[in-house]
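S.K.:
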Amino acid sequence: AVGRVRYAAGEVGIMLHRNGFLLSAGGAERLCALVLLNCGGVDVPLVRRLWGVCGYRVCADGGANRLHDMLPEDQRPQFIPDAVVGDLDSVREEVLELYSSLGARVVRDSDQDYNDLNKSLRTIADHLHAESRDADVVVLGAFGGRLDQEMATFQELFAFRGVFRRVVVMDATNVAELLDAGRHRIRPLRGVEGPVCGLIPLGGASRASTRGLKWDLRAQELAFGGLVSTSNEAEGEEVHVEVSAPVLFTMTLDASPEALARAQALASEPPGGIPSTRGA
14 AVGRVRYAAG
24 EVGIMLHRNG
34 FLLSAGGAER
44 LCALVLLNCG
54 GVDVPLVRRL
64 WGVCGYRVCA
74 DGGANRLHDM
84 LPEDQRPQFI
94 PDAVVGDLDS
104 VREEVLELYS
114 SLGARVVRDS
124 DQDYNDLNKS
134 LRTIADHLHA
144 ESRDADVVVL
154 GAFGGRLDQE
164 MATFQELFAF
174 RGVFRRVVVM
184 DATNVAELLD
194 AGRHRIRPLR
204 GVEGPVCGLI
214 PLGGASRAST
224 RGLKWDLRAQ
234 ELAFGGLVST
244 SNEAEGEEVH
254 VEVSAPVLFT
264 MTLDASPEAL
274 ARAQALASEP
284 PGGIPSTRGA
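Per this note's numbering, the sequence shown runs over residues 14 to 293.
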């Protein structure tokens, strides 16, 4: 498995989170999907790794241009999206024609009340049908572009709560996930994720308690205009979080091939502290 959320045995209602898809060396997972956005912060090694893990891959409009342009011509036939989705005002005509001719489904949706990520997530849900609730979705290229587009990405995390098992948004240096109201156990990948992390009350005030952070919260209210937990640090193998309302949990990420190789080696060692993902 690629690190799905599941309930801990003997701990009713505690959800476990682990982004094991970053270390997976196996074949594509049918219930793991990838959305490639039209944004920076995406490099070829990370795309290759996620492409090999995710069983269904979608380019959100201009994300098709990103995929096309980052690859040498002779490698492009190995990376054909299952679908190109959106209002298609950004994808270049020759890119769309190429992917369509190689088997990609073209989903044109001109409804301007919904962004291309929303349309891509709906396409994945339609593809998986009832199995979508058991699926992980990785959204790549979620950070580093226009601020309003980043906010629109966060909006979709709220909009698709309960549709998928998890929606994880990331680029090469950041990873984030919406934690719904309740109890959570987060297992960062040693040497890849953290230690810097944050709990952001994007949807409104949330009372939070944590264990495993440098500055733990003890039934404290998180709210804009009040306390927001940024620049915190994960200090152990697990971070325990309980929140009364959804919060965005963020971590720094080093998804370089070197860091991922080190993490794969660490995964076979006894757990300890979470080393920094940044060199001295």
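Glycine residues also receive a C-beta, built at the ideal position from the N, C-alpha and C atoms. This structure is a prediction, so every number in the text was calculated from the model and none was measured.
(1) With a Cβ-Cβ cutoff of 7 Å, do Q68 and R43 count as a contact?
(2) Please classify V57 as buried or exposed, where buried requires at least 16 neighbouring CB atoms within 10 angstroms.
(3) Distance check for G195 and V25, CA to CA, integer angstroms please.
(4) If you draw a straight line from the C-alpha of A46 to the C-alpha of V71, how long is it?
(5) Should A268 go down as buried or exposed, given a rule of 16 or more other Cβ atoms within 10 Å for buried?
(6) Under the rule that 16 or more other beta-carbon atoms within 10 Å means buried, what is A272, buried or exposed?
(7) How many angstroms separate the CA atom of R198 from the CA atom of A117?
(8) Roughly how many angstroms lie between the CA atoms of L130 and A258, to the nearest whole one?
(9) Under 8 Å: do the stretch 216-229 and the stretch 177-190 share three or more Cβ pairs, one atom per stretch?
(10) For the putative contact between F34 and D149, defined by C-beta atoms under 8 Å, what is the C-beta separation to the nearest angstrom?
(11) What does M264 pair with, by DSSP beta-bridge criteria?
(12) Using only CA atoms, which one of R79, S222, L111, G216 lies nearest to L153?
(13) Using a 10 Å radius around the Cβ and a threshold of 16 neighbouring Cβ atoms, would you call P201 buried or exposed?
(14) CA-CA distance, F262 and Q233?
(15) Do A77 and V108 have their C-beta atoms within less than 7 Å of each other?
(16) What would DSSP say about S113, mapped onto helix, strand or coil?
(17) Rounded to a whole number of angstroms, what is the C-alpha to C-alpha distance between I93 and R61?
(18) Using CA atoms only, rank isn't needed, just tell me which of L235, R224, L141, Y127 is closest to E169.
(19) Would you kindly work out how many angstroms separate the C-alpha atoms of G249 and L215, rounded to a whole number?
(20) What residues are listed by DSSP as bridge partners for R118?
(21) Under a three-way DSSP split, which group does L63 fall into?
(22) Could I get the ranges of all uninterrupted beta strand (DSSP E) runs contained in the stretch 124-154, with 3 residues as the minimum, in chain order?
(23) List the endpoints of the continuous alpha helix (DSSP H) containing Q168.
(24) Could you pull out every residue in the same chain whose Cβ sits closer than 8 Å to the Cβ of A276, ignoring the five residues on either side in sequence?
(25) Using the Cα positions of H253 and A247, report the straight-line distance between them to the nearest angstrom.
(26) Would you mind stating whether D74 and S103 have Cβ atoms separated by less than 7 Å?
(27) Starting from Q277 and walking both ways along the alpha helix (DSSP H), at which residues does that stretch end?
(28) Who are the near neighbours of L111 in its chain, counting only those whose CB is closer than 8 Å to its CB and skipping five residues on each side?
M.R.: So, to answer that:
(1) The sequence given here places Gly at residue 68; Gln does not occur at that position. Closer than 7 Å, so yes.
(2) exposed
(3) Because V25 sits at a pLDDT of 49, beneath the cut-off of 50, its placement in the model cannot be relied upon, and the point is left open.
(4) 8 Å
(5) buried
(6) buried
(7) 38 Å
(8) 24 Å
(9) no
(10) 7 Å
(11) V188, C210
(12) R79
(13) buried
(14) 16 Å
(15) yes
(16) helix
(17) 12 Å
(18) Y127
(19) 26 Å
(20) A96
(21) helix
(22) 149-153
(23) 160-172
(24) L35, L36, L202, R203, G204, V205
(25) 10 Å
(26) yes
(27) 270-279
(28) H81, R89
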